[in-house]
Structure formats: C-alpha cells, structure tokens
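*Asks:* Here it is, the structure in full.
In our numbering, the protein residues as written are 81 to 395.
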C-alpha cells in the first residue's frame, strides 16, 4: 500500500479517485483542508483505517476496501461518517470498521455491502438504516442469513428507523430473511411510496439453507410485525434473484410471505424462472403454508395468494 503524497493543495479539484492507498484520520483531515471544494471521492481497493470522516462539501463518496489481510486494521473501531450534503454513498466490505452514519440526511442513493468483519460481534450498536430515512434508492446486502452477526446488528437498528417516505427502490440481500422475514416486512410497512423491491439470494445462502436443519424455521414469519396485512399502493415490481436451482424453496417461502402480508399484491417474478411440475409446486406450497400457519396461528386459507414460481401469482 502506498500513502497519498500530501501536502497537495487545489482550490479547483472537485473529483478525486484513489487506488491502493492507506486511508487514516490524518489523510482525511489533510484532504478536507487541502481540497476545499472536493465533492466526489472514490477510494478503490484501499486500506481503510480512518475512524472519522467528516465533510461539508462531499456529495458523492465511494469506498471499497483492500482484500489483503495484512492491510486490515488490527482492532475493531467505529467509522463515523458525518456529511450533511452527501447525496450518493457506496460502501463495500470495510473490514473491522463499524459503520456509524451520523448526519447523512441528504443522501438519496445508498449502497452498502456488509459482512461479519464489519462488526466483530452481534451486540455492536450502529446507525445505518436509521440514518438513511431520506433515501430514494437503498441497497443493503450481506452474506447468508444463517451467519448471525450482520442480521442481528441490523435488526437492532430497525426500531430507530423513521418512515422512509421518499424511498422508491429497495434492494436487500439475504439478511432480510432473518427473524422470520421481520426486516423485510418492517421496511415495507414503513415505505409508503416504494415502487420496486429487489431481493437477492446468493450462492452461499443456498448452501447454508440446504445443510442447516432449522433453515425453514429461521425464515418463516413468526412475529406480530409480520402478522397483519398492509398495502403498498405504489409497489409495482417485486424481483427475486436466485443463483442456484436449490433456491426454489427459499423463493417459494418468500413469495408466500409477501403474498400473505401485502394487499394488493404487485407483479412478482423470480429470475431466472424455475420450472416446476404441478405436483412439485403443490408440495412446496402446501409444505410452506402448513408451517406458516403453524407459526402465525391466525391465517385462513382464503387470505393466501399461492405463489407460482414461473414468474406470477395464482389467486
């Protein structure tokens, strides 16, 4: 890793992209003072050791960390981001830095990729979702739901969330399955203007689902939050993206949960579409419904829209 050669001063520089640099608090302080009108910063494949990132001029911030272990920080520490004029935020897998968004009230587009090395343990307090209530497009992806740390940390942040009144596009990774799809239902209920929902099922989660005995129980709705039907009047598209044929079981469960709790139900498709025989589809649907009914204890068969995994929903 090479450090950036400060001092470098420019009263004109607005866009800066750096690759394979060592980024610490001293770097950030110098950057703010030496480039007073900088509004677009892209840190690519960098060693991120900074703990406080504050700027009143930045409008776009993108950070991707190095994947080289020797360049990771030694200890877990908070990375506080305080940028009141930031409009676009992209953070991808920053090891041993606990993201805490302070004032990012102007952010419209946020894309955050998390994994367990962000947090260290599941009792960490962070502010991520709760700081992004003004976003119009939000992507929050993490590894498998069965890897506890990330889902537990994010679920603890949910009660602090205000209504996402401006949110139109929501893209979630597998963490939304945790706690019986609680995060998914919670966010949809508080996003009255959402138009498009993307749910991403990655390869690792399919393997976890296949090998864990409690996988069904983990992703079935069991909470009061998921029990009542609600409307998403502007929601027009739901897309579930899968990587493996074995994902058809998880897709069936998700579609059943959505069709049970959202009314009216928008267009819902699985990509790539799975091909099912009628017998296979009926077995999957009935198995899912029996467990769902067992957990909720209050569903009637006429409340359910049966999922059709070739890209539609049978009423």
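Positions of the beta carbon are idealized from the N, C-alpha and C atoms, including for glycine.
Fair warning: this is a prediction, and the values are worked out from it, not measured in the lab.
Is the CB-CB distance between residue 279 and residue 320 below 9 Å?
*Replies:* Cβ atoms of residue 279 and residue 320: closer than 9 Å.
*Asks:* Could you say which of 112, 203, 215, 132 lies nearest to residue 192 if we only look at CA atoms?
*Replies:* Ranking the options by Cα distance to residue 192, first place goes to 215.
*Asks:* Take residue 133 and list the residues in its own chain whose beta-carbon comes closer than 6 Å to its own, dropping the five residues that flank it on each side.
*Replies:* Cβ neighbours of residue 133 beyond the five flanking positions: 108, 161.
*Asks:* Taking the C-alpha atoms as reference points, what is the distance between residue 146 and residue 202?
*Replies:* Residue 146 and residue 202: Cα-Cα distance of roughly 24 Å.
*Asks:* I need the boundaries of the alpha helix (DSSP H) containing residue 270, first residue and last residue.
*Replies:* Careful: residue 270 lies outside any alpha helix (DSSP H) and carries neither H nor E.
*Asks:* Who are residue 193's beta bridge partners in DSSP?
*Replies:* The partner list for residue 193 (beta bridge, DSSP) reads 172, 221.
*Asks:* For residue 197, which residues in the same chain have their Cβ closer than 7 Å to its Cβ, ignoring the five residues on either side in sequence?
*Replies:* Taken in chain order, the residues that qualify are 175, 176.
*Asks:* Could you tell me the boundaries of the alpha helix (DSSP H) in which residue 211 lies?
*Replies:* Unbroken run through residue 211: none, as it is neither H nor E.
*Asks:* Closer than 6 Å by C-beta to residue 200: which residues in its own chain qualify, once you throw out the five before and the five after it? Chain order, please.
*Replies:* Same-chain partners within the cutoff: 156.
*Asks:* Restricting to Cα atoms, I'd like to know which of 195, 233, 221 is closest to residue 205.
*Replies:* When each option's Cα is compared against that of residue 205, the closest is 233.
*Asks:* Taking the alpha carbon of residue 130 as the reference point, which residue from 143, 317, 119 has its own alpha carbon closest?
*Replies:* The shortest Cα separation from residue 130 among 143, 317, 119 belongs to 143.
*Asks:* Give the straight-line distance between the Cα atoms of residue 138 and residue 182, rounded to the nearest whole angstrom.
*Replies:* If I take the Cα positions, the gap works out to 14 Å.
*Asks:* Run the CB neighbour count on residue 328, radius 10 Å, all protein chains shown included, and call it buried at 16 or more, exposed below.
*Replies:* Classification of residue 328: buried, given that the 10 Å Cβ count is 16 or more.
*Asks:* Between 341, 263, 166, which lies nearest to residue 235 when the distance is taken from Cα to Cα?
*Replies:* When each option's Cα is compared against that of residue 235, the closest is 263.
*Asks:* Secondary structure at residue 276, three-state DSSP: helix, strand or coil?
*Replies:* If DSSP states are grouped into helix, strand and coil, residue 276 belongs with the strands.
*Asks:* Rounded to the nearest angstrom, what separates residue 322 and residue 348 at their Cα positions?
*Replies:* The straight-line gap from Cα to Cα measures roughly 14 Å.
*Asks:* Where does the unbroken beta strand (DSSP E) through residue 127 begin, and where does it stop?
*Replies:* Where residue 127 is concerned, the enclosing beta strand (DSSP E) stretches over 120-128.
*Asks:* Determine, using beta carbons only, whether residue 247 and residue 208 come nearer to each other than 9 Å.
*Replies:* No, these two residues do not count as a Cβ contact at 9 Å.
*Asks:* Any idea what DSSP makes of residue 340, helix, strand or coil?
*Replies:* Residue state, collapsed to three classes: helix.
*Asks:* Assuming residue 213 and residue 195 are in contact, meaning their beta carbons sit under 8 Å apart, how far apart are those beta carbons, in whole angstroms?
*Replies:* Going by Cβ atoms, the distance from residue 213 to residue 195 rounds to 24 Å, so no, they are not a contact pair.
*Asks:* Using CA atoms only, rank isn't needed, just tell me which of 314, 282, 254, 173 is closest to residue 270.
*Replies:* Checking every option, the nearest Cα to that of residue 270 belongs to 314.
*Asks:* I think residue 252 touches residue 220, with their Cβ atoms under 8 Å apart; what is that distance to the nearest whole Å?
*Replies:* Confirmed, Cβ separation roughly 6 Å.
*Asks:* Just to confirm, is the Cβ distance from residue 128 to residue 103 under 9 Å?
*Replies:* In this structure, residue 103 lies closer than 9 Å to residue 128 by Cβ.
*Asks:* Might you give, ordered along the chain, the residues of its own chain that have their beta carbon closer than 8 Å to the beta carbon of residue 117, omitting 5 neighbours on each side?
*Replies:* Cβ within range, chain order: 91, 92, 93, 94, 137.
*Asks:* So the alpha helix (DSSP H) residue 107 belongs to, where does it begin and stop?
*Replies:* Counting along the chain, the alpha helix (DSSP H) containing residue 107 begins and ends at 105-114.
*Asks:* Determine which residues share a DSSP beta bridge with residue 318 and list them.
*Replies:* Answer by DSSP bridge pairing, in chain order: 277, 348.
*Asks:* Give the DSSP-derived three-state secondary structure of residue 330 in the structure shown.
*Replies:* Here residue 330 sits in helix by DSSP.
*Asks:* Going by the beta-carbon positions, is the gap between residue 244 and residue 267 smaller than 9 Å?
*Replies:* Yes, Cβ-Cβ distance for residue 244 and residue 267 is below 9 Å.
*Asks:* Taking its Cβ as the centre, do 16 or more other Cβ atoms sit within 10 Å of residue 97, making it buried, or is it exposed?
*Replies:* Looking at its Cβ environment, which holds fewer than 16 other Cβ atoms inside 10 Å, residue 97 is exposed.
*Asks:* DSSP three-state call for residue 149: helix, strand or coil?
*Replies:* Helix.
*Asks:* Kindly list the residues whose CB is nearer than 6 Å to the CB of residue 169, restricted to its own chain and excluding five residues on each side of it in sequence; keep chain order.
*Replies:* If we look at residue 169 and ignore the five residues flanking it on each side, its Cβ neighbours are 141, 187, 190.
*Asks:* Return helix, strand or coil for residue 258, following the three-state DSSP convention.
*Replies:* Here residue 258 sits in helix by DSSP.
*Asks:* Residue 210 and residue 165 - do their beta-carbons sit closer together than 9 Å?
*Replies:* No, Cβ-Cβ distance for residue 165 and residue 210 is not below 9 Å.
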